[in-house]
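When we follow our numbering, the leftmost residue of the sequence shown carries the number 859, and every step to the right adds one.
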Amino acid sequence: MESTVANKARTTVWPGRSYPLGASWDGEGVNFALFSANAVAVDLCLFDPSGQHEVARVRLPEYSDQVWHGYLPDARPGQLYGYRVHGPYEPENGHRFNANKLLLDPYAKSIAGDLHWADANFGYKIGHARQDLSFDRRDNARHMPKCRVVDTSFSWGEDRRPRTSWEETVIMETHVKGFTKLHPGVDQNKRGTFAGLVAPPVLDHLVRTGVTAVELLPIHHFLNDRHLTQRNLTNYWGYNSIGFFAPDPRFLSSGLVEEFKTTVKRLHGAGIEVILDVVYNHTAEGNHMGPTLSLRGIDNASYYRLTDDPRYYMDYTGTGNTLNVDHPRVLQMVMDSLRYWVSEMHVDGFRFDLCSTLAREHGNFDPGAAFLDAVRQDPLLNTVKMIAEPWDLGPYGYQVGGFPPGWAEWNGAFRDTVRKFWKGDGGLLAEMGNRVTGSSDIYDHNGRRPWSSINFVTAHDGFTLQDLVSYNDKHNEANGEDNRDGTDDNLSWNCGVEGPTDDAAILKIRDQLKRNHLATLILSLGVPMLLAGDEMGRSQGGNNNAYCQDSDISWTQWENLRPEDQRLQDFVRRVIALRRKHRVFSRPGFFRGKVMAADGLKDITWLAPSGNEQTIDDWNNGMARCFGWVLGGAAGEYYTTGGQRDIDDSFMVIMNAHHEELEFCMPDMKTELRWELLIDTALDSGFATEGQYFAEGECYKIQGRSMALFINRAEPAGFARMTHVELIDIPTAIAEESANDESIRPEPEPAVASRSGSAA
């Protein structure tokens, strides 16, 4: 069979197969398959290596199970292509077919070239009185990037996933370009790319810091919004996907997909997992006035959630559209994409942007939604880490704690509570107690574990840690929106001066607060996630919405660091090493608040500055900003791989968010304890340099706005495990003394998901 159009070469085409979708090289030819339930015909357009000239147009000859397909025996890897899809242009009925527009294959594994914004990229006539109800007949091919056929073969050799257990995981959220763009030890042509991410000095930094996983901001092929390009800005963060199978070429120094695989292989070799931040909730095509680039022109009514008036889109994402994962073929596309990145690219997990959107069934959040069920039963995806950003912009979108077992979630309650506590807000002791112990009030149901809580203080969205302690207000003027963008609710404190200062006293307290935040994050139960650059004092100049700043504002500075920031790097490394050495900080189960070992120690004991156990009045004291706790090392549920009890040391933590120094007395724990000071964030290094020991009844002067950690150096008395203990999910004193007194329970986050998954 031959297919041709005027002025195009004749091309042999066979019927081919309807599966797999996309362009598949089998060693002899290439099979092309595209789902569209409402199209009437599909043309495959082939381009020369430059991507500028269409050399053949092939009508796909077969239509099976709503899939258009054909096989080109003469096609080879490297072939550039796109689609033109025929069908009705009826926006009022949800259909936006326009065969004048070249479209990207949603299954393309490589995309070459850039999108050049032009009015021809829109299916309607820009400026027409009928707006999107009008029809544009211009060919947009010369403005469009092209899909590329790839050969997926790769020599993985002895590559093995690290398979780090959840409780042992320490994540660093990282932007591929921003992390390496300014690194002096990386070759110029590799800076800002996957190759740069595994350059020896960068890899060494990750290993020395002690992180076990990098969470990469979106690396799927994404587009720069037209309004940003008009202001000479870019979509730096990348939350504007248009290709769910293709790594963005901006991150490929070689231009080859294999570069990403090599990066994964080298990170695995260093014991570091790769987690991808993925955006399946929407695409770059925007609302009804957006361009026609891919899904809109392939089958708008199937791929997107439409309103009762199908001309318009449901928008749970704030981007203008929402992907319709209620549709089985759209759900298949998402699942095929996830499996591709695991099976072909060897990634170790995913963080799902606005995941509540994907869990909406007929518009409402449902913990039994088709997407969540599909992931839960998938034998391949069950082997990797799944992290939800558990909110979106739709009704009842805030679903922290509402996701099913097997999922971890970004815990916004941890971020907000820790920020408020260390800036000195009162009435937070009970809430803080919940957050540092794994947020059992949120996650202790349905067999979920403390690792369900991804703890973080800062992330890409918002202030960096340096800016959190340097600015009271956002400073987003560089974004070109008159400082209107970005949140005003930063829960930050500038320590007395807005922005940079030479005041030594202010700089000292800022450095101390940074150590407080980082130590709290790393030593809390749950999975700590650091923002790349926080460990060396990276600032964005007060910009809390740097999504469009591909510039010094966002890039990590590696040179000319202050001595204080060099010490901060060492502090972070040492605290992470402490966490990874001692299981008491990463126990697999929630605290029970009971004596569980022969030495008489509870697994956790909450302390007032007097050294006595916290009482109801202590928890309810709105003026109190200082408390502590003892972690019983012999009371945990830790076992070696051989099944033996893994006995750990006992530790005591003291937090003082008062601005003044306080005396904190060593408690009487009914067993011999001898406390040695390890960490005091009021010290310039954060770590005690000489052994300081304290016995029962002795007091330690804890400086204002500081945190201290002690280790027990007394010989343990014994480790016989006790049984029949009762679970609790709030600090022990509250649970035992007043289980029915709602006035002393920590205030919940607004619209936190209940255990049934509905908003509480």
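Quick reminder that beta carbons are idealized off the backbone N, C-alpha and C, glycines included.
Note that the structure is a prediction, hence the values are computed from the model and not measured.
Return the chain-ordered list of same chain residues with a C-beta closer than 7 angstroms to the C-beta of residue i, the five sequence neighbours on each side being excluded.
i     : result
T1175 : N1139, H1140, L1212, T1215, D1250 and L1251
T1275 : L1286, E1289, M1290 and R1293
G1068 : V1028, R1431, I1434, A1435 and R1438
N1598 : Any reading at N1598 needs caution, since the residue's pLDDT is 39, under 50, leaving its predicted position unreliable; the model's value is listed next. Closer than 7 angstroms at the Cβ level, and outside the excluded window around N1598, lies no residue.
A1336 : N1401, Q1407 and I1411
L1535 : A1546, Q1550, A1566 and F1568
Take the Cβ of residue i as the centre, count every other Cβ of all protein chains shown within 10 Å, and call the residue buried at 16 or more, exposed below.
i     : result
A1553 : exposed
K1035 : buried
H1220 : exposed
V898  : exposed
Y965  : buried
Y1551 : exposed
L1238 : exposed
M1147 : exposed
G1656 : This structure leaves residue 1656 out entirely; the chain is present only between 859 and 1618.
R1006 : buried
A1128 : exposed
D1347 : exposed
A1591 : Residue placement at A1591 cannot be trusted, given a pLDDT of 40 that sits under 50; what the coordinates show is reported in the next sentence. Per the 10 Å Cβ criterion, buried.
H1085 : exposed
G1501 : exposed
T1581 : The predicted model places T1581 with a pLDDT of 33, which falls under 50 and marks its position as unreliable; any figure quoted below should be read in that light. Per the 10 Å Cβ criterion, exposed.
Q1088 : exposed
E1247 : buried
G1549 : exposed
Do you know how far the Cα of residue j is from the Cα of residue i?
i     : j     : result
R1218 : Q937  : 38 angstroms
L902  : I1077 : 27 angstroms
S1160 : F1568 : 59 angstroms
E1595 : R1450 : Because the pLDDT at E1595 is just 40, under 50, the model does not fix this residue reliably, and the value given afterwards should be weighed accordingly. E1595 and R1450: Cα-Cα distance of roughly 15 angstroms.
N1410 : S1397 : As written in the sequence, residue 1410 is Asp, which differs from the Asn given in the question. Cα to Cα, D1410 sits roughly 10 angstroms from S1397.
G1576 : E1530 : Low local confidence applies: a pLDDT of 47 at G1576 is under 50, so the model's placement there is unreliable, with the coordinate-based value given in what follows. Distance between the alpha carbons of G1576 and E1530 is about 12 angstroms.
H1318 : Q1407 : 12 angstroms
R1579 : T1463 : Residue confidence is low: R1579 scores 37 on pLDDT, short of 50, so the model does not pin down where it sits. Its coordinate-derived value is still stated next. Computed Cα separation, rounded: 17 angstroms.
V1122 : V1205 : 7 angstroms
T1120 : R1154 : 34 angstroms
F1210 : T1316 : 17 angstroms
N838  : L1365 : This structure gives no information on residue 838, because the portion of the chain shown stretches from 859 to 1618.
H1303 : S1310 : 11 angstroms
L1389 : W1351 : 19 angstroms
P1308 : N1470 : 27 angstroms
E1573 : S1508 : 11 angstroms
D1428 : S1543 : 8 angstroms
Q1003 : H974  : Rather than Gln, the amino acid found at residue 1003 in this sequence is Pro. Their backbone Cα atoms lie some 8 angstroms apart in a straight line.
P1253 : D1283 : 30 angstroms
G945  : S1298 : 53 angstroms
Y982  : Q1370 : 57 angstroms
K1281 : Q1324 : 14 angstroms
T1241 : G1255 : 27 angstroms
D1343 : Q1257 : 24 angstroms
A1057 : L1064 : 11 angstroms
Q989  : A957  : 19 angstroms
D1236 : W1477 : 44 angstroms
Y941  : A1232 : 29 angstroms
Give me the Cβ distance between residue i and residue j, rounded to the nearest whole Å; I'm assuming they're in contact under 8 angstroms.
i     : j     : result
V900  : W926  : 4 angstroms
D1360 : M1394 : Rounded, the Cβ-Cβ distance is 20 angstroms, inconsistent with contact.
P1059 : H1041 : 7 angstroms
A1266 : V1442 : Not confirmed; about 21 angstroms, so no contact.
T1150 : R915  : Contact doesn't hold; Cβ gap of about 18 angstroms is too wide.
D1526 : A1566 : So it is not a contact: roughly 19 angstroms between Cβ atoms.
F1118 : M1030 : Not confirmed; about 18 angstroms, so no contact.
V1183 : V1192 : 6 angstroms
Leaving out the 5 sequence neighbours to the left and right, which residues in its chain are closer than 6 angstroms to residue i when beta-carbon positions are compared?
i     : result
D906  : V913
D977  : I984
E1605 : Confidence at E1605 is low in this model, with a pLDDT of 37, below 50, so the placement of that residue should be treated as unreliable; the coordinate-derived value is given next. Correct list: empty, nothing qualifies.
L1383 : T1295, G1296 and P1308
G1480 : G1284 and G1285
S968  : R1006, V1008, A1104 and V1115
Give a single yes or no on whether residue i has its beta carbon closer than 6 angstroms to a heavy atom of the ligand NAP.
i     : result
A1572 : In the structure shown, the ligand NAP is absent, as is every other ligand, since no ligand is present at all.
Can you list, in chain order, the residues of its chain whose CB lies under 8 angstroms from that of residue i, leaving out five sequence neighbours each side?
i     : result
E1026 : T1070, R1438 and S1444
Y1170 : N1145, H1146 and L1164
With a floor of 3 residues, list each beta strand (DSSP E) that falls wholly inside the segment 1108-1173, ordered by position along the chain. 1131-1136
Segments assigned beta strand (DSSP E), at least 3 residues, entirely inside the segment 935-978: If we require 3 residues or more, the beta strand (DSSP E) runs fully inside the segment 935-978 come out as 938-944.
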